[in-house]
Amino acid sequence: MYLGLGYHRMGQEEAAGSAFDRGLALMEPGERGEVTDLSRVMKLHHAEAYDSLDVEERTEYDARYWRLTDPLL
Numbered sequence: 065m066y067l068g069l070g071y072h073r074m075g076q077e078e079a080a081g082s083a084f085d086r087g088l089a090l091m092e093p094g095e096r097g098e099v100t101d102l103s104r105v106m107k108l109h110h111a112e113a114y115d116s117l118d119v120e121e122r123t124e125y126d127a128r129y130w131r132l133t134d135p136l137l
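Per our numbering: the sequence shown = residues 65 to 137.
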């Protein structure tokens, strides 16, 4: 994950994305869930709705969020 941050700060977005993806893939599921849990950055009422989603709905929501947000730009 730190490698991804370093690449991002150097403006190497493709390398950053790959490093973040590799870092997430190497994590245990529980740890990955803590890192990718979007409820931490939501207002309480949105976080409660997010927390009520099942695994499939949350996966779809997360993918849509990151696609629209594109934090590596």
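A virtual CB, placed ideally from N, CA and C, is assigned to each residue, including glycine.
Treat the numbers as computed from the prediction; the structure is a model and nothing was measured.
Give the straight-line distance between the Cα atoms of Arg131 and Arg96, rounded to the nearest whole angstrom.
Position 67 of the sequence shown holds residue 131. Position 32 of the sequence shown holds residue 96. Cα-Cα distance, rounded: 18 Å.
For Ala89 versus Gly68, is the C-beta distance shorter than 8 Å?
Numbered from 1 along the sequence shown, position 25 holds the residue referred to as residue 89. Numbered from 1 along the sequence shown, position 4 holds the residue referred to as residue 68. No, Cβ-Cβ distance for Ala89 and Gly68 is not below 8 Å.
My understanding is that Ala79 touches Tyr71, with C-beta atoms under 8 Å, so please give their C-beta distance in whole angstroms.
To locate residue 79, count along the sequence shown from 1; it is residue 15. To locate residue 71, count along the sequence shown from 1; it is residue 7. About 4 Å; that satisfies the 8 Å criterion.
Do you know how far the Cα of Arg73 is from the Cα of Glu124?
For the purposes of this step, residue 124 is taken as the residue at position 60 of the sequence shown. For the purposes of this step, residue 73 is taken as the residue at position 9 of the sequence shown. C-alpha separation (whole angstroms): 28 Å.
Between the Cα of Arg104 and those of Asp126, Gly75 and Glu77, spot the shortest distance and give me the residue it belongs to.
Looking up residue 104 in the sequence shown gives position 40. For the residues Asp126, Gly75 and Glu77, the minimum Cα distance to Arg104 belongs to Asp126.
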